[in-house]
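**Student:**
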């Protein structure tokens, strides 16, 4: 497939207020895309919009509650009314609960499923309806390696990421008869974002990104590349590619190792009270990074390399997962 240009492309990005979503908005802005940015917090979206505009992009903030199907439909309508079409729809809205299933209040589990699963379904439905009418478009769903591998400390989150990946893989086949409509899923591993600071926490200890955490810019670079060259399934970084290969060859040992490692290193030896975090709130945004990589060498494997790749729209073979 020939590489698509992103200059002037209309990109709807759901979950743009912080972390991977914010890094992705900035990456698309550097390509000259026209951006429609969505998240719960209007204040946070205004910050991201200004940052994208400073990079020369045209950006529009549309505060949206993803669990409301009508609101997601309105998001698409605003994008089409303003720019005439939608070329790329990126769904990255996500929230996190850490702790044993029996320690998770039902209302928190319901909220996470609403955001991570129902929100994803709402976005995908609206995007595909638009793309089928246009006969073109790329839907990119950001799931996780935990959409394939277990973490006993994050059971509800893992269930939601399995659902997001399953939805994307099913839709990939559902649009196979439409030549220029594509569905991609991106499976990041551990990423240094503020999601751990915002998470509902019932572990009794402070949360952190599981080592070794990648910079969000590296995930953004892969998302940009998938917008230019759609591919069914991708991951980020050599280590995650090795995990996927290991899971294909020896699923049970790989699952055991990931479950042990990820649960053990999700928390620090610092006490933390039970808290719903910001699961139910939209009180402003967060930066791109979570600060979990502080003190680590920031070289080609970090932010600068990710930004360079995003500008070039290149995802090296070592950062891809073969999947179609």
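Residue numbers (the working numbering): 1 to 324.
Even for Gly, the Cβ is constructed at its ideal location relative to N, Cα and C.
Note that this is a predicted model, so its numbers are computed, not measured.
(1) Report yes or no: do the region 134-150 and the region 243-262 share at least 3 C-beta pairs separated by less than 8 Å?
(2) Mind checking which residues open and close the beta strand (DSSP E) that includes residue 73?
(3) Can you name, in chain order, every residue of its own chain whose Cβ lies under 7 Å from the Cβ of residue 26, other than the five neighbours on each side?
(4) Let me know the secondary structure DSSP gives residue 60 once reduced to three states.
(5) Check residue 209 in the structure and name its three-state DSSP category.
(6) Is residue 135 buried or exposed, if buried means 16 or more other CB atoms sit within 10 Å of its CB?
(7) Do you know whose CA, among 208, 234, 273, lies nearest residue 165's CA?
(8) Assign residue 170 to buried or exposed, taking buried as 16 or more other Cβ atoms, counted over all protein chains shown, within 10 Å of its Cβ.
(9) Give every residue of the same chain whose Cβ lies closer than 8 Å to the Cβ of residue 78, excluding the five residues on either side of it in the sequence, and list them in chain order.
(10) Per DSSP, residue 184 forms a beta bridge with which residues?
(11) With residue 12 as the anchor, note down where its beta strand (DSSP E) starts and where it stops.
(12) Let me check understanding here. Comparing Cα to Cα, which of 123, 183, 238, 270 lies closest to residue 76?
(13) Residue 10 and residue 84: beta carbons closer than 9 Å?
(14) Going by alpha carbons, who is nearest to residue 253 out of 149, 212, 186, 43?
(15) Give me, in chain order, the residues of the same chain whose beta-carbon lies closer than 6 Å to that of residue 220; leave out the 5 immediate sequence neighbours on both sides.
(16) Please look up how many angstroms separate the CB atoms of residue 160 and residue 112, rounded, as I've assumed it's under 8 Å.
(17) Specify whether the region 269-283 and the region 192-206 touch according to this definition: at least 3 beta carbon pairs, one from each stretch, less than 8 Å apart.
(18) Quick check on the DSSP output: what are the complete beta strand (DSSP E) runs of length 3 or more inside the region 241-279, in order along the chain?
(19) If you compare alpha carbons, which of 263, 14, 19 is closest to residue 154?
(20) Would you give the residue range spanned by the alpha helix (DSSP H) that residue 26 belongs to?
(21) Can the beta-carbon of residue 138 be found less than 9 Å from the beta-carbon of residue 57?
(22) Could one say the Cβ of residue 101 lies closer than 9 Å to chain D's Cβ atoms, at least one of them?
(23) Hey, out of 103, 88, 74, 177, whose CA is closest to residue 343's CA?
(24) In three-state terms, what does DSSP make of residue 97?
(25) Is residue 6 helix, strand or coil by DSSP?
(26) Leaving out five residues before and five after residue 302 in sequence, what residues of the same chain have Cβ atoms less than 6 Å from its Cβ?
(27) Using the DSSP secondary-structure output, state which residues sit across from residue 233 in a beta bridge.
(28) Would you kindly report the start and end of the unbroken beta strand (DSSP E) that includes residue 199?
**Tutor:** Working from what's here:
(1) yes
(2) First-last for residue 73: 69-83, but that is the alpha helix (DSSP H), not the beta strand (DSSP E).
(3) 51, 52, 55
(4) strand
(5) coil
(6) exposed
(7) 234
(8) exposed
(9) 36, 60, 62
(10) 140
(11) 10-14
(12) 123
(13) yes
(14) 149
(15) 23, 24, 27, 310
(16) 6 Å
(17) yes
(18) 267-271
(19) 263
(20) 19-30
(21) no
(22) Among the protein chains of the structure shown there is no chain D, as only one such chain exists.
(23) For residue 343 there is no data in the structure shown, the boundaries of the chain being 1 and 324.
(24) strand
(25) coil
(26) Reliability of the predicted coordinates at residue 302 is poor, the pLDDT of 43 falling under 50, and no value is obtained from them.
(27) 185
(28) Note, residue 199: premise wrong, no beta strand (DSSP E); not H, not E.
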